[in-house]
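In my numbering, the protein residues as written are 12 to 147.
Even for Gly, the Cβ is constructed at its ideal location relative to N, Cα and C.
So this is what it looks like as structure tokens:
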């Protein structure tokens, strides 16, 4: 369970992360110029450039931070258990849209085809076709 104390002390301090080769490519295009080892974890092929991590599983904690932030689009507290596999912003936001459509009864368009874990149905897929969302 994530409460305010856990969020503030164990999730929010987790830095974003990326691979050195990607950082170099971004910076060569004038992007990610504010990035530093203080606000990001830079991964190499076999380790990371940072002297230390804030948590042993800091990258996982940052993924949780992304999920919490992305699901905030619902404007509602999430009461439930979430299991995410290969998660990212696209999946997180799509999940938020799915939750909102269940709350409001209105389908939200432009879902990407993704798999979402559902405790009762175990796994369901939602996908988009043109501008209408369908839940299978």
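**Report entry** Sufficient close CB pairs (3 or more, under 8 Å) joining the stretch 105 to 112 to the stretch 62 to 82
**Finding:** The stretch 105 to 112, when compared against the stretch 62 to 82, does touch it at the 8 Å Cβ threshold.
Query - Residue of 93, 63 and 114 minimising C-alpha distance to residue 26 - result: The option with the nearest alpha carbon to residue 26 is 63.
**Report entry** CA nearest to the CA of residue 32, picked from 77, 96, 43 and 49
**Finding:** Considering only 77, 96, 43 and 49, the residue with the shortest C-alpha distance to residue 32 is 43.
Query raised in the report: In whole angstroms, what is the alpha-carbon distance linking residue 15 and residue 76?
Result: Those two C-alpha atoms are separated by around 13 Å.
Query raised in the report: Using the rule of at least 16 other Cβ atoms within 10 Å of the residue's Cβ for burial, across every protein chain shown, is residue 73 buried or exposed?
Result: Residue environment for residue 73: buried (at least 16 other C-beta atoms within 10 angstroms of its C-beta).
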